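Asks:
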Amino acid sequence: MKVTAITCEAYNLLHHGTLVLADISANGIRIDTELLRYNIDKVARMIARTEKELKNSPIWQDWRKRYGSKAKLTSGHQLGCVLMEHYPDTWKEEGRLTATGKPKTDEETLSTIEIPFVQKYVYLSKLNKLRSTYLQGILRETDANGFLHPMFGLGLARTYRSQSDHPNFQNQPIRIPWMAKFIRSCFVARPGRHLVEIDLKGAEVCVSACYNRDPKLIAYVSNPALDMHRDMAAEIFKCTIDQVNKDVRHTAKNLFVFPQFYGDWYLSCAKNIWDAIRKRKLHLNDGTDMFTHLKKKGISRLGACKPKTPALPGTFEKHMQDVEHAFWYDRFKVYTEWKERWFAEYQKKGWFQTLTGFIIQGFLNKKEVINYGIQGSAFHCLLWSLIKLHSYIQRHNMKTLIVGQIHDSILADVPAEELHQFLDIANRIITKQLPAAWPWIIVPIVAEVEASPLGGSWFDKKPVELK
DNA sequence: AAACAGTGCGCG
DNA sequence: AAAGCGCGCACTGTTT
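Here our numbering is used: position 309 in the first sequence is 1323, and no number is missing along the way.
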């Protein structure tokens, strides 16, 4: 793919953005190295204990017999071969083999084998990831003064997003709370300061609405009284919006709406949601178990989920097929028309231009053509804000330091006495100046703020009300 | 010893 | 017709 910034404005964005990102790297984020070392020891002990437990199992005896001195507890390939003997059916299902035809041993596949040995293996993998990639990765890159300087680049991602390395600051754990705690509690504010994270609320959905101009999507992101994820939850689970609780909404958002926007299809959504009902024990607001509720609504099973076999009535698979159809051909039909037009135009020309003035060309499939512009422009909203914010901080001789950036959020280390001023200007840039500078932004942009206690950690951040 | 392909998993 | 977009990093197992 050829990467060319064409408009002058697009060039300037990358130019100034690069300078700001370099400054962010130079500032660095403070690391509690003592806690980091303590956590590394603690996780090491957890790993040792888990390995010992696994090695007491008869399955490990079997494993040893097979591989002798080459037997390795961390080898997914070896595990796959050992388990294949006892659970061959696990890998008979569609999509359970790797690209080279070997049995997959990812968490998703292994979660179907509900024996302690396998579940413990999954846990051990997580512990090893935590120790190697994150805790040790951070320690390795931390300088002698206790500051970490992640790098950020604008010249690599095909979407014109940024990337980060040494270490990657943009994939530090947050979704699994116990993992997040081990790591994020080591990222701390400098003395007398707060770590402040400012997020562009629903950035990609907002920017998507600016591309496709679907009136219903625009309404959803413009009217705080409306809630797309809640509405979709009600459709997916055949209930009223009052019956939707946080967990159910979260499931609809992350296992249907977002995947659909990225080009996923109903069959994979159906499987994932059905799994989530079981694993997360979903229920309605009044306490009714979700499976019981769906049964009452005429849905008693998932269905075969075979791509070439038509979905049968009374299955969740069939229901999700209908939900998907209504989603794209009724609710968001203007969005669908835009997708068709956008892709057809690309096929004719071989390139397209993003709303922020970048050309993207090369051999791309439909999903890439649909997604790249949205993903890139959403990040550029953040980058533009970041540049403005940085410039304001310099001009006003503020002591605030911007220390990181994660696609749609900014992390800053803010002296207590500057907190009010900082939040005020950041909010003004994001919600007022940004939409004023870019007329293609036709929906409100909202900032969300979280802050750590004084001298506290990234893990301890709590929402802050913006006035 | 170094490079490479394949796999898996963390984040938005 | 195919069946989720973008990244970085660690590890296994093989090849150079």
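Cβ atoms here follow ideal geometry from the backbone N, Cα and C, with glycine treated the same way. Values in this document were obtained by computation on a predicted structure and should not be read as measured data.
For glycine 1426, which three-state DSSP category applies?
Replies: In the first sequence, the residue the question calls residue 1426 occupies position 412. Just to set this straight, residue 1426 is alanine in the shown sequence, not glycine. Three-state result, alanine 1426: strand.
Asks: If I measure Cβ to Cβ from aspartate 1486 and keep anything under 7 angstroms in the same chain, skipping five residues before and after, which residues do I get?
Replies: Only positions 1015 to 1481 of the chain appear in this structure, which leaves residue 1486 out of reach.
Asks: Does the beta-carbon of lysine 1475 have 16 or more other beta-carbons within 10 angstroms, so that it is buried, or is it exposed?
Replies: Within the first sequence, residue 1475 is the residue found at index 461, counting from 1. Buried.
Asks: Whole angstroms is fine: what's the gap from cysteine 1022's alpha carbon to lysine 1402's?
Replies: Taking the first sequence and counting its residues from 1, one reaches residue 1022 at position 8. Taking the first sequence and counting its residues from 1, one reaches residue 1402 at position 388. Whole-angstrom Cα-Cα distance: 17 angstroms.
Asks: Please state whether the Cβ-Cβ distance between isoleucine 1444 and isoleucine 1459 is less than 8 angstroms.
Replies: Here residue 1444 corresponds to residue number 430 of the first sequence, with the count starting at 1. Here residue 1459 corresponds to residue number 445 of the first sequence, with the count starting at 1. Going by C-beta atoms, isoleucine 1444 is nearer than 8 angstroms to isoleucine 1459.
Asks: Taking all protein chains shown into account, do 16 or more other C-beta atoms lie within 10 angstroms of the C-beta of alanine 1040, making it buried, or fewer, making it exposed?
Replies: Here the question's residue 1040 lines up with position 26 in the first sequence. By the 10 Å Cβ count, alanine 1040 comes out exposed.
Asks: Roughly how many whole angstroms lie between the Cα atoms of leucine 1316 and tryptophan 1279?
Replies: Translated into the one-based positions of the first sequence, residue 1316 becomes position 302. Translated into the one-based positions of the first sequence, residue 1279 becomes position 265. Approximately 15 angstroms, taken between the alpha carbons.
Asks: Checking 8 angstroms against the spacing of the C-beta atoms, do phenylalanine 1341 and glutamine 1274 come in under that value?
Replies: For the purposes of this step, residue 1341 is taken as residue 327 along the first sequence, with counting starting at 1. For the purposes of this step, residue 1274 is taken as residue 260 along the first sequence, with counting starting at 1. In this structure, glutamine 1274 lies closer than 8 angstroms to phenylalanine 1341 by Cβ.
Asks: Closer than 7 angstroms: is that where the CB of lysine 1056 sits relative to any heavy atom of the ligand ATP?
Replies: Because no ligand of any kind appears in the structure shown, any question about the ligand ATP cannot be addressed here.
Asks: Give the range of the alpha helix (DSSP H) segment to which proline 1229 is assigned.
Replies: Within the first sequence, numbered from 1, the residue matching residue 1229 stands at position 215. Its alpha helix (DSSP H) spans residues 1229-1236.
Asks: Give the range of the alpha helix (DSSP H) segment to which isoleucine 1287 is assigned.
Replies: Here residue 1287 corresponds to residue number 273 of the first sequence, with the count starting at 1. Looking at the DSSP string, the run of the alpha helix (DSSP H) that includes isoleucine 1287 is 1280-1293.
Asks: Measure the C-alpha to C-alpha separation of proline 1453 and glutamate 1432 and round it to an integer number of angstroms.
Replies: As a first step, residue 1453 must be located in the first sequence, where it is residue number 439. As a first step, residue 1432 must be located in the first sequence, where it is residue number 418. Each residue's alpha carbon lies about 31 angstroms from the other.
Asks: Could you spell out where the alpha helix (DSSP H) holding glutamine 1419 opens and where it closes?
Replies: Position 405 of the first sequence, counting from 1, holds the residue named residue 1419. Counting along the chain, glutamine 1419 falls outside any alpha helix (DSSP H), though it belongs to the beta strand (DSSP E) covering 1415-1419.
Asks: Looking at the unbroken beta strand (DSSP E) that takes in methionine 1165, where does it start and where does it end?
Replies: Counting from one through the first sequence, the residue named residue 1165 turns up at place 151. From DSSP, the beta strand (DSSP E) with methionine 1165 extends over 1165-1167.
Asks: For leucine 1415, collect the residues of the same chain with a Cβ closer than 6 angstroms to its Cβ; drop the 5 residues on either side in sequence, then sort them by chain order.
Replies: Taking the first sequence and counting its residues from 1, the one referred to as residue 1415 is at position 401. If we look at leucine 1415 and ignore the five residues flanking it on each side, its Cβ neighbours are Asn1041 and Asp1427.
Asks: The beta strand (DSSP E) that contains arginine 1044, what's its start and end?
Replies: Translated into positions along the first sequence, residue 1044 becomes position 30. Where arginine 1044 is concerned, the enclosing beta strand (DSSP E) stretches over 1043-1045.
Asks: Would you decide whether glutamine 1075 is buried or exposed? Buried here means 16 or more other CB atoms lie within 10 Å of its CB.
Replies: Taking the first residue of the first sequence as 1, we reach residue 1075 at position 61. Answer is exposed; the Cβ neighbour count stays below 16.
Asks: In the DSSP assignment, what are the bridge partners of leucine 1111?
Replies: On the first sequence, residue 1111 is found 97 positions in, with the first residue counted as 1. In DSSP, leucine 1111 forms a bridge with Pro1117.
Asks: Taking the Cβ atom as the reference point for each residue, do glutamine 1186 and isoleucine 1197 lie within a distance shorter than 8 angstroms?
Replies: By 1-based counting over the first sequence, the position of residue 1186 is 172. By 1-based counting over the first sequence, the position of residue 1197 is 183. In contact: glutamine 1186 and isoleucine 1197 (Cβ atoms closer than 8 angstroms).
Asks: Taking the alpha helix (DSSP H) that alanine 1440 belongs to, which residues open and close that run?
Replies: The count along the first sequence starts at 1 and reaches residue 1440 at position 426. Its alpha helix (DSSP H) spans residues 1433-1442.
Asks: Using the rule of at least 16 other Cβ atoms within 10 Å of the residue's Cβ for burial, across every protein chain shown, is arginine 1154 buried or exposed?
Replies: In the first sequence, the residue the question calls residue 1154 occupies position 140. The residue in question, arginine 1154, is exposed, as its Cβ has fewer than 16 Cβ neighbours within 10 Å.
Asks: What is the residue span of the alpha helix (DSSP H) that serine 1391 lies within?
Replies: Here residue 1391 corresponds to residue number 377 of the first sequence, with the count starting at 1. Run containing serine 1391: 1380-1409, per the alpha helix (DSSP H) assignment.
Asks: Check the DSSP bridge columns for lysine 1476 and list the partner residues they point to.
Replies: If you number the first sequence from 1, residue 1476 lands on position 462. Paired residue(s): Ala1465.
Asks: Taking its Cβ as the centre, do 16 or more other Cβ atoms sit within 10 Å of lysine 1125, making it buried, or is it exposed?
Replies: Here the question's residue 1125 lines up with position 111 in the first sequence. Note on residue identity: the sequence assigns serine, not lysine, to residue 1125. With fewer than 16 other Cβ atoms within 10 Å, it is exposed.
Asks: Using the three-state DSSP reduction, which class does threonine 1350 fall into: helix, strand or coil?
Replies: Within the first sequence, residue 1350 is the residue found at index 336, counting from 1. Reduced to three states, the DSSP call for threonine 1350 is helix.
Asks: Should isoleucine 1373 and tyrosine 1386 be called a contact, given that it needs their Cβ atoms to be closer than 8 angstroms?
Replies: Numbered from 1 along the first sequence, position 359 holds the residue referred to as residue 1373. Numbered from 1 along the first sequence, position 372 holds the residue referred to as residue 1386. For isoleucine 1373 and tyrosine 1386, no; Cβs fall outside 8 angstroms.
Asks: Run through DSSP, which three-state label would histidine 1297 get?
Replies: For this step, residue 1297 is matched to residue 283 along the first sequence. In this structure, histidine 1297 counts as strand in the three-state DSSP scheme.
Asks: DSSP on tryptophan 1342, reduced to helix/strand/coil?
Replies: Taking the first residue of the first sequence as 1, we reach residue 1342 at position 328. Of the three classes helix, strand and coil, the one that applies to tryptophan 1342 here is helix, per DSSP.
Asks: With a CB to CB cut of under 6 angstroms and the five nearest residues on each side skipped, what residues in its chain are close to tyrosine 1174?
Replies: Taking the first residue of the first sequence as 1, we reach residue 1174 at position 160. Within the same chain, tyrosine 1174 has close Cβ partners Phe1372 and Gly1390.
Asks: For valine 1202, which residues does DSSP report across the bridge?
Replies: To locate residue 1202, count along the first sequence from 1; it is residue 188. In DSSP, valine 1202 forms a bridge with Arg1044 and Ser1471.
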